[in-house]
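Counting in my numbering, the sequence shown runs from 3 upward without gaps. Backbone N, C-alpha and C define an ideal beta-carbon position, used for all residues, glycine too.
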Amino acid sequence: FEAGASDVFLTSVMMKKGRPGIVLSIIAEKGLAGTLSEILFTESTTLGIRSFPFMKETLSREFIEYETPFGKVKFKHSFYKGKEVSVKPENEDCKRIAGETGKPLGEVYNILMDTVRSKKRQNE
C-alpha cells in the first residue's frame, strides 16, 4: 500500500502438478506498474508477473452521521443513477462499539440498521 496500490489480496490456488500456491493480486493505477513490479521482483520469490487492464465501476456514496443508542455513528449511503440502493454503518464504528459494549459485532450491526431504518421511515 505504501507504494500506491489501491488493494492487495492473497488467493489460495492449486498450481500445476497439484502443488498448493498463493496468487498475490495487486490493484493499482497503470502508472504504478513499474514501481510495483520492482518491489515484487526484489522483495518476493516470484519469477513472473501477469498484468492486465480492467475497468472499475463504483456507486456514488454519501456519508451521514446519525444519533444511535450508541452515540453518533457514520453510515454510508450508496446510490446508483441517483437512486439509493444501500445504507450501511461504517465497519470501524461497528467494531469500536462492539469493543466498548462487549456486544457481538452482528448484534451491533443489527441494532444500528434498525435505528437507521426507523429514522428513514420517520422522514418519509
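task: Measure the CB-CB distance between Val110 and Ile99 and report whether it falls below 8 Å.
output: Numbered from 1 along the sequence shown, position 108 holds the residue referred to as residue 110. Numbered from 1 along the sequence shown, position 97 holds the residue referred to as residue 99. In contact: Val110 and Ile99 (Cβ atoms closer than 8 Å).
- request: Verify whether the separation of the beta carbon atoms of Arg63 and Lys78 is less than 8 Å.
  value: As a working mapping, residue 63 is identified with position 61 in the sequence shown. As a working mapping, residue 78 is identified with position 76 in the sequence shown. Yes; because the gap between Cβ atoms is below 8 Å, this pair is in contact.
message: Per the DSSP calculation, Pro22 is bridged to which residue(s)?
response: Within the sequence shown, the letter at position 20 stands for residue 22. Answer is Met16, bridged to Pro22.
- prompt: Relative to the C-alpha of Met115, which residue among Tyr82, Phe72, Gly84 and Met57 is closest?
  reply: Taking the sequence shown and counting its residues from 1, the one referred to as residue 115 is at position 113. If you compare the alpha carbons of Tyr82, Phe72, Gly84 and Met57 with that of Met115, the shortest gap goes to Phe72.
- prompt: Can you tell me the Cα-Cα spacing of Tyr68 and Asn112, whole angstroms?
  reply: Taking the first residue of the sequence shown as position 1, residue 68 is located at position 66. Taking the first residue of the sequence shown as position 1, residue 112 is located at position 110. Roughly 15 Å between the two C-alpha positions.
query: What's the C-alpha gap between Val10 and Ala30?
result: For the purposes of this step, residue 10 is identified with residue 8 of the sequence shown, where counting begins at 1. For the purposes of this step, residue 30 is identified with residue 28 of the sequence shown, where counting begins at 1. Looking at the two C-alpha atoms, the distance is approximately 9 Å.
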